[in-house]
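Beneath this line is the structure, given in structure tokens, with notes to follow.
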Amino acid sequence: DWTDQSIIEDQVARIREQVGDKKLICGLSGGVDSAVAAALVHRAVGDQLTCVFVDHGLLREGERRQVEEDFVGSTGVRLVTVDAVDTFLGELDGVTDPEMKRKIIGREFIRSFEQTAADLVAESREGESGDIEFLVQGTLYPDVVESGGGAGTANIKSHHNVGGLPEDLQFQLVEPLRELFKDEVRAIGRALGLPENIVGRQPFPGPGLGIRIVGAVSAERLAILRRADAIAREELTQAGLDDEIWQCPVVLLADVRSVGVQGDGRTYGHPIVLRPVSSEDAMTADWTRVPFDVLAQISNRITNEVDEVNRVVLDVTSKPPGTIEWE
Ligand code: XMP
Numbered sequence: 208d209w210t211d212q213s214i215i216e217d218q219v220a221r222i223r224e225q226v227g228d229k230k231l232i233c234g235l236s237g238g239v240d241s242a243v244a245a246a247l248v249h250r251a252v253g254d255q256l257t258c259v260f261v262d263h264g265l266l267r268e269g270e271r272r273q274v275e276e277d278f279v280g281s282t283g284v285r286l287v288t289v290d291a292v293d294t295f296l297g298e299l300d301g302v303t304d305p306e307m308k309r310k311i312i313g314r315e316f317i318r319s320f321e322q323t324a325a326d327l328v329a330e331s332r333e334g335e336s337g338d339i340e341f342l343v344q345g346t347l348y349p350d351v352v353e354s355g356g357g358a359g360t361a362n363i364k365s366h367h368n369v370g371g372l373p374e375d376l377q378f379q380l381v382e383p384l385r386e387l388f389k390d391e392v393r394a395i396g397r398a399l400g401l402p403e404n405i406v407g408r409q410p411f412p413g414p415g416l417g418i419r420i421v422g423a424v425s426a427e428r429l430a431i432l433r434r435a436d437a438i439a440r441e442e443l444t445q446a447g448l449d450d451e452i453w454q455c456p457v458v459l460l461a462d463v464r465s466v467g468v469q470g471d472g473r474t475y476g477h478p479i480v481l482r483p484v485s486s487e488d489a490m491t492a493d494w495t496r497v498p499f500d501v502l503a504q505i506s507n508r509i510t511n512e513v514d515e516v517n518r519v520v521l522d523v524t525s526k527p528p529g530t531i532e533w534e
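Last residue of the sequence shown: number 534 in the UniProt record's numbering, and the count goes up by one each step with no gaps.
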């Protein structure tokens, strides 16, 4: 498409002009924005860019592979993956309050990213190939408007993105998506050859599965939720509902137990909540009328394939009054 190509060429020229021969780093979240921003910068300046991906253990099934294999395979970007699973789970141990979870995850995320950035800066100094002076961020136009919005924009939930880096890590920002909306970013991502599982991805919160376990987070609970989530996503995609559904949180009620029966035994497992919503911008939402046979298939598969889950329930609340996420 002509417009996509001209936006890409324009941004490539602007990035080259801004950074010269200096180096950059970019934190990847697995989401669309950071992936497209990184791909654009890579198109402009190649290996002057290093990407950092923090695996906090709260990712969905396949997400790390999508970044490490699909994203890297389609762009050739230099990637450093930080395996921080044990640290995050250790810090989250026993924590049930949603805001506390967000704070811990946000704090640890910045800590991991900062540490890796500092290592990379030190490495690049030793190699005398020039300092890392720039940080790439996937800020979109609506983010710019929202954060400059003044009164009335107070966050009800302390959303975290890769935005909150401390002042003492002194990078200049490169934000090639600042003038774009989400659908334009997706189009550019496709024009840059990024895989559909990244460009077409539905919104997923920064704190990941950590805020989809009602109760304390643990490796065992994450494994249960990750399986159930993968099954739900697979069936919804298969049923052709990805365009109709804005996102579908799958939530584990880890502190609730319900009685079930399987074979000739009584089970005492956990319920899983499906929360499919339709929305324009996540500010308001309605629950999606997913066809009953699709729901039945998801329910059958989850209760058969995921040990510990003996009940699947559907959330039929609009936003407001319910938020999209359960925490
Ligand atoms: P709620 O639950 O407030 O969610 O209706 C609105 C949108 O924001 C996402 N969300 C988050 N995104 N960090 C994020 O990056 C967070 O802490 C967070 N909490 C909610 C949610 O998935 C939905 O798209």
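Every residue, glycine too, gets a C-beta built ideally from N, C-alpha and C.
Query                                                                                                                   : Result
Integer Cβ distance of PHE341 from VAL421, believed to fall under 8 Å                                                   : Rounded, the Cβ-Cβ distance is 40 Å, inconsistent with contact.
Cβ-heavy atom distance, GLN273 to the ligand XMP, below 8 Å                                                             : no
Element boundaries [beta strand (DSSP E), containing GLN379]                                                            : 379-381
Status (buried if at least 16 other CB within 10 Å, exposed otherwise) for THR210                                       : exposed
Neighbourhood of HIS249 by C-beta distance below 6 Å, restricted to the same chain and skipping five residues each side : LEU256, THR282 and VAL284
Inter-stretch contact at 8 Å, needing at least 3 Cβ pairs: the stretch 517-533 / the stretch 480-492                    : yes
Burial state of GLY447, where buried means 16 or more other Cβ atoms lie within 10 Å                                    : exposed
Where ARG464 falls: helix, strand or coil (DSSP)                                                                        : coil
Whole runs of the alpha helix (DSSP H) within the stretch 422-472, excluding any shorter than 4 residues                : 426-445
Cβ-heavy atom distance, LYS229 to the ligand XMP, below 8 Å                                                             : no
Complete runs of the alpha helix (DSSP H) confined to the stretch 469-516 [at least 4 residues]                         : 499-512
Beta carbon of GLU270 nearer than 9 Å to that of GLY234                                                                 : no
Strand pairing of ARG518, partner residues [DSSP]                                                                       : PRO478
At least 3 beta-carbon pairs within less than 8 Å: the stretch 317-335 vs the stretch 431-449                           : no
Coarse secondary structure for LEU299, derived from DSSP in three states                                                : helix
Separation of GLY253 from ASP228, as counted between CA atoms                                                           : 11 Å
DSSP bridge partner residues for ILE339 (one or two, in chain order)                                                    : LYS230
Contact test: PRO528 Cβ vs the ligand XMP heavy atom, cutoff 8 Å                                                        : no
Three or more C-beta pairs below 8 Å linking the stretch 460-475 and the stretch 513-526                                : yes
Separation of GLY472 from PHE499, as counted between CA atoms                                                           : 28 Å
C-alpha gap between LEU286 and TYR348, whole angstroms                                                                  : 26 Å
Cβ-heavy atom distance, residue 540 to the ligand XMP, below 8 Å                                                        : Any answer about residue 540 is impossible in this case: the structure gives the chain only from 208 up to 534.
The ligand XMP heavy atom lying under 8 Å from the CB of GLY345                                                         : no
Test item: CB-CB of GLY417 and VAL424 under 9 Å                                                                         : yes
DSSP three-state assignment for VAL523, whether helix, strand or coil                                                   : coil
Any non-hydrogen atom of the ligand XMP closer than 8 Å to ARG408 Cβ                                                    : no
Counted within 10 angstroms of its Cβ, other Cβ atoms place GLU515 as buried (16 or more) or exposed                    : buried
Opposing strand residues paired with PHE260 [DSSP bridges]                                                              : LEU235 and THR288
6 Å CB neighbourhood of THR346 in its chain, flanking five on each side removed                                         : GLU382 and ARG385
Cβ-based neighbour list, HIS367, same chain, cut-off 8 Å, excluding 5 preceding and 5 following                         : The predicted position of HIS367 is uncertain, since its pLDDT is 44 and thus under 50; no value can be drawn from it.
Neighbour-count burial assignment, PRO456, 16 or more Cβ in a 10 Å radius                                               : buried
Sub-9 Å separation of ILE452 and GLN409 beta-carbons                                                                    : yes
Cβ-based neighbour list, ALA398, same chain, cut-off 8 Å, excluding 5 preceding and 5 following                         : ASP208, ASP211, GLN212 and ILE215
Proximity test, GLU311 beta-carbon vs the ligand XMP heavy atom, cut-off 8 Å                                            : According to the sequence provided, residue 311 is Ile. The question's Glu does not apply to it. No - the ligand XMP has no heavy atom lying nearer than 8 Å to the Cβ of ILE311.
Minimum C-alpha distance to LEU432 - residue among ALA394, SER241, GLU442 and VAL513                                    : VAL513
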